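Peer 1: Protein sequences, first through last, are from chains A and B. For the first sequence, position 172 matches number 172 in full-length UniProt numbering, and the numbering has no gaps at all. For the second sequence, position 227 matches number 227 in full-length UniProt numbering, and the numbering has no gaps at all. Virtual Cβ for every residue (Gly too), placed ideally from N, Cα, C. Since the model is a prediction, treat every value here as computed from it, not as a measurement.
Protein chains: 2
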Amino acid sequence: MISDLKIQQLRYVIMVVEEGSFHSAARRLHRTQPALSMAVRELEQRLGQNLFERGSKNRLTPFGEYCVPRFRDLVGQHDRMANDVINHADGTQGHVHIATVPSVASRIMPALLAEFIARFPDINISLHDENAHYVCQMVAQGEVDLGITSIWQTNEDLEYAHLFEDKIGVVCRRDHILASCETLGWQSLQGEKLIRNGTSRLLMSTAAAQLVENSAFYISNMISLIAMLEAGAGITTLPRLAFPETNANLCFVPLHDPEVVRRIGLVKTINRTLAPAAQAMQAFLLEKLRHGAE
Amino acid sequence: MISDLKIQQLRYVIMVVEEGSFHSAARRLHRTQPALSMAVRELEQRLGQNLFERGSKNRLTPFGEYCVPRFRDLVGQHDRMANDVINHADGTQGHVHIATVPSVASRIMPALLAEFIARFPDINISLHDENAHYVCQMVAQGEVDLGITSIWQTNEDLEYAHLFEDKIGVVCRRDHILASCETLGWQSLQGEKLIRNGTSRLLMSTAAAQLVENSAFYISNMISLIAMLEAGAGITTLPRLAFPETNANLCFVPLHDPEVVRRIGLVKTINRTLAPAAQAMQAFLLEKLRHGAE
DNA sequence: GCCACCTAATAATTAATACTTATCGTTTAA
DNA sequence: TTAAACGATAAGTATTAATTATTAGGTGGC
């Protein structure tokens, strides 16, 4: 097996053929004429056959006629591949998989991703919504590149970057007595029928822990939870982002004492390098969400 | 547009992936480990992204995972192309177009080409038979690579190499009075009904020219000519090779005075380089036919 | 026919690149 | 904890590719 042919040499030959002379080919390649002469001759010697007729005009030999289309093919394939790889390298092309908690997925991501795809039109995005724990798991297992989730437990394989905080409040019907309050302390909730949900654990290590512990109801499904609240079956606590703001029947009252926040952060694996498109997404998310109140 | 990626660098990357370590990849590539390290790093810098995870084990980055199959593709395409081109360069593969006069085509080429294709099984051959003049024309116009023909007129675009001589003789019915002669002089033919054919011009510049000039019949088609002779309609002159030796009714008597020979030679263009496969054929024909009496 | 002119080949030199040897710092496994 | 394996780095060398300057070979104009 012969040693590698150099793409550049093939390109030289093609250009000489296209231009019809070594001189003008050299000009277009920003080389001098002897550079082409020598490179072509070196290639010819390696192949053991001349590509160009020597002596008179620089026509191709029959062997050259055979080779040049093949050279063109390979150079074309190289260029397409190189272009493709470069686009992926600089993050203008690729596929990013993101997992987020549902509240972020529905309230924050739509506008954000619209802006992202406007800026990076050739990046494909897959967005999964899962609960906070499963978001971390998907990141850790490499099922997604990035996660946006509430940070609740450190994992040494994952790297967390804080984005913003999300205040916990009480959600109840608009006609509920608590609805008129500007802000609430946990004592005000005693005696209320509290329905727990997936975010209730955020209160566990606070002064309001007892409230949660005494609650008999647990509903994980947000749609069911909202329906229960609308029916006046009780109240619950939610991070503001998880509260459906457009709902006409329910209202959100911030919890003042204790002031509880859900810390939302960007999660990625610590070992694996992100694909360039994911790096672009990461930078975009940090730029747009870091330190923002929402 | 980025500068050319080097096939060799891509090969290095692929080998590191296959072997799982820089060390063993280097061993298989007959290089030292730092050579690979540096080459890979150079490529990574040009792409602007790492292909391998640095720090811990040498796994591929997601970007590397994306690239390596494409690198493999290009290297594979390169190798196939290089192989193909090399085979054509050394004449083990290709297509040769030959034109010969009919007598050579039917009497000499069959066995010769059988031997050739046994020696060069991957070379395709096209064989045309045409008259001597048109053989030269086909060569001159590049329709064929090589011609085997009688040399009768110099052409500055063509290069002739003598192969062998072909004696002219008289062809007549076995029951003809001349048939019993061992050899003949032109005087013996006077009074005979001579049928001219395409090869009769070979006698024009000899002592027998008058015979030909006085002949009233001309038949160019060999089948018709033979039929005429078999019918006893006259006699003709032919080079020995053009005489159908298996014919039971006709016989060939060498012409002694004048002794006329048809010079058969190999013809090719003087300007154009032969394709490697044609070079192989040329060498083969010269080896087999040069100086041979037949 | 001779002379300019255009082109490619060659020679000498320099720049760039690829590789080697030697060494160091980590990590892995005994 | 040490030895072994691995990769990164540094310094030096070899190889390759490019430059400039020059030569040589045709071609066309006069």
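#1: So, for residue 294 of chain A: in the same chain, excluding its five sequence neighbours on each side, which residues have a beta-carbon less than 6 Å away from its beta-carbon?
#2: Got a sec: is the Cβ-Cβ distance from residue 273 of chain B to anything in chain A below 9 Å?
#3: Distance cutoff 9 Å, beta carbons only. Does residue 5 of chain A sit that close to anything in chain B?
#4: Among B:96, B:218, B:232, B:97, which has the Cα closest to the Cα of residue 197 of chain B?
#5: Taking any Cβ of chain B, which residues in the region 53-73 of chain A have a Cβ under 9 Å from it, in chain order?
#6: Closest to residue 285 of chain A by C-alpha separation, out of A:242, A:220, A:241, A:145, would be which residue?
#7: Identify which residue in A:254, A:39, A:271 has its Cα closest to the Cα of residue 166 of chain A.
#8: Would residue 49 of chain A be called buried (16 or more neighbouring beta carbons within 10 Å of its own) or exposed?
#9: Taking the straight line between their C-alpha atoms, what separation do you get for residue 151 of chain A and residue 269 of chain A?
#10: Can you give, in chain order, each stretch of the alpha helix (DSSP H) that sits fully within the region 162-199 of chain A and has at least 4 residues?
#11: Does DSSP classify residue 252 of chain B as helix, strand or coil?
#12: Rounded C-beta distance between residue 173 of chain B and residue 245 of chain B? I'm assuming under 8 Å.
#13: For the alpha helix (DSSP H) that residue 260 of chain A lies in, which residues bound it at each end?
#14: Going by C-alpha to C-alpha distance, which of A:18, A:241, A:95, A:260 sits closest to residue 109 of chain A?
#15: Could you spell out where the alpha helix (DSSP H) holding residue 223 of chain B opens and where it closes?
#16: Comparing alpha-carbon positions, which option in A:18, A:116, A:46 lies nearest residue 86 of chain B?
#17: Tell me where the beta strand (DSSP E) around residue 276 of chain B begins and ends.
#18: According to DSSP, is residue 8 of chain B helix, strand or coil?
#19: Name the chain B residues that come within less than 9 Å of residue 45 of chain A, Cβ to Cβ?
#20: Identify every residue that forms a DSSP beta bridge with residue 124 of chain A.
#21: If you follow the alpha helix (DSSP H) that residue 37 of chain A is part of, which residue opens it and which one closes it?
#22: Report buried or exposed for residue 278 of chain B, applying the criterion of at least 16 other Cβ atoms within 10 angstroms of its Cβ.
#23: Looking at residue 117 of chain A and residue 92 of chain A, is the spacing between their C-beta atoms short of 9 Å?
#24: From A:131, A:73, A:62, A:16, pick the residue whose C-alpha is nearest to that of residue 222 of chain A; which is it?
#25: Which same chain residues end up closer than 8 Å to residue 18 of chain B when comparing Cβ atoms and leaving out the 5 residues on each side of it in sequence?
#26: Which residue comes first and which comes last in the beta strand (DSSP E) that contains residue 148 of chain B?
#27: Hey, is residue 27 of chain A's beta-carbon within less than 9 Å of any beta-carbon in chain B?
#28: Name the residues in the region 239-260 of chain B whose C-beta lies less than 7 Å from a C-beta of chain A; which are they?
#29: So which of A:134, A:119, A:105, A:141 has the shortest CA-CA distance to residue 126 of chain A?
#30: Go ahead and label residue 282 of chain B buried or exposed: buried means 16 or more other beta carbons lie within 10 angstroms of its beta carbon, across all protein chains shown.
#31: Counting only Cβ pairs nearer than 7 Å, list the residues of chain B close to residue 90 of chain A.
#32: Got a sec: is the Cβ-Cβ distance from residue 41 of chain B to anything in chain A below 9 Å?
#33: Residue 168 of chain B: buried (16+ other C-beta within 10 angstroms of its C-beta) or exposed?
#34: Using a cut-off of 7 Å between C-beta atoms, extract the partners of residue 276 of chain A located in chain B.
#35: Measure how close the beta-carbons of residue 163 of chain A and residue 274 of chain A come, nearest whole angstrom, since I'm counting them as under 8 Å.
#36: Is there at least one Cβ from chain A nearer than 9 Å to residue 85 of chain B's Cβ?
Peer 2: Here's the rundown:
#1: A caution first: residue 294 of chain A carries a pLDDT of 41, below 50, which makes its placement in the model too unreliable to give a value.
#2: For residue 273 of chain B, the answer is yes, since a Cβ of chain A falls inside 9 Å of its Cβ.
#3: For residue 5 of chain A, the answer is yes, since a Cβ of chain B falls inside 9 Å of its Cβ.
#4: B:218
#5: Within the region 53-73 of chain A, the residues whose Cβ lies closer than 9 Å to some Cβ of chain B are 53, 54, 55, 56, 59, 61, 62, 63, 64, 65, 66, 67, 70, 71, 73, listed in chain order.
#6: A:145
#7: Nearest option by C-alpha distance: A:254.
#8: buried
#9: Rounded to the nearest angstrom, the gap between the Cα atoms of residue 151 of chain A and residue 269 of chain A is 14 Å.
#10: Taking only runs of at least 4 residues, no alpha helix (DSSP H) segment lies wholly in the region 162-199 of chain A.
#11: strand
#12: Wrong, their Cβ atoms sit about 15 Å apart, outside the cutoff.
#13: Looking at the DSSP string, residue 260 of chain A is not in any alpha helix (DSSP H), and its letter there is neither H nor E.
#14: A:241
#15: 222-230
#16: Considering only alpha carbons, the answer is A:46.
#17: Not the beta strand (DSSP E): residue 276 of chain B falls in the alpha helix (DSSP H), residues 276-289.
#18: Three-state DSSP puts residue 8 of chain B in a helix.
#19: Simply none; closest approach about 11 Å.
#20: A:95
#21: 33-47
#22: The C-beta of residue 278 of chain B has 16 or more other C-beta atoms within 10 Å across all chains shown, which makes the residue buried.
#23: Taking 9 Å as the Cβ cut-off, residue 92 of chain A and residue 117 of chain A do not qualify as a contacting pair.
#24: A:131
#25: 25
#26: 146-150
#27: no
#28: none
#29: A:105
#30: Result: buried.
#31: 48
#32: no
#33: buried
#34: Within 7 Å Cβ-Cβ: 49, 63.
#35: About 17 Å; that fails the 8 Å criterion.
#36: yes
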